[in-house]
Every structure is written in structure tokens, then in C-alpha cells.
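Undergrad:
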């Protein structure tokens, strides 16, 4: 048991270098991931809320058309 703990606490030298631009790139990717998730949740908020409540949502997602074609034609 002590030998296993000793091996886990020993860290051999690693010759890796992360410059500041690499850290900035990783941080930007993480921020972008959270922004994408927030936008997806915001876009489908009412559907998600209805799904977890067990209700049927009548709201359409942005970009979807009514399958029955109930839109009224306009006279020009």
C-alpha cells in the first residue's frame, strides 16, 4: 500500500512547454464551448422546459416551418 502511494506521488520530469498563447487558446476554446451551450439552451428553452415538465410544446424552433402550411397568403 505504501509502495503504491509512493509511486503515485513521484512525478518524473516532463519536458513540455506551454507558452502564453497556448493557454489563451485553451481558455478561448473553453469560453466558446460555454457560450455555445448557453445559446443552444436559450434557443430550445421552452422545449426543454416542456420536456422536463412532461408537457407538449407548441412552440416551433427557429427556422422550422409549419408542416400544415397554415400561413395565410398575402395579397399584393
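Numbering (our numbering), first residue to last: 1 to 76.
For glycine and all other residues, C-beta sits at the position ideal for the given N, C-alpha and C.
Predicted model only: the values in this text are computed from it and were never measured.
1) Looking only at its own chain, which residues have a Cβ that is under 8 Å from the Cβ of residue 48, when we skip the five neighbours before and after it?
2) Cβ of residue 1 within 7 Å of any heavy atom in the ligand HEM?
3) Starting from residue 27, trace the alpha helix (DSSP H) in both directions and tell me its first and last residue.
4) Taking residue 6 as part of the alpha helix (DSSP H), name the residues at either end of that continuous run.
TA: On the basis of the coordinates in this document:
1) As a position in the chain shown, residue 48 is number 48, starting the count at 1. Excluding sequence neighbours, residue 48 sits near 41.
2) For the ligand HEM, the structure offers nothing, since it holds no ligand at all.
3) The sequence position of residue 27 within the chain shown is 27, counting from 1. That run of the alpha helix (DSSP H) goes 20-43.
4) Position 6 of the chain shown, counted from the first residue, corresponds to residue 6. Start and end: 2-9.
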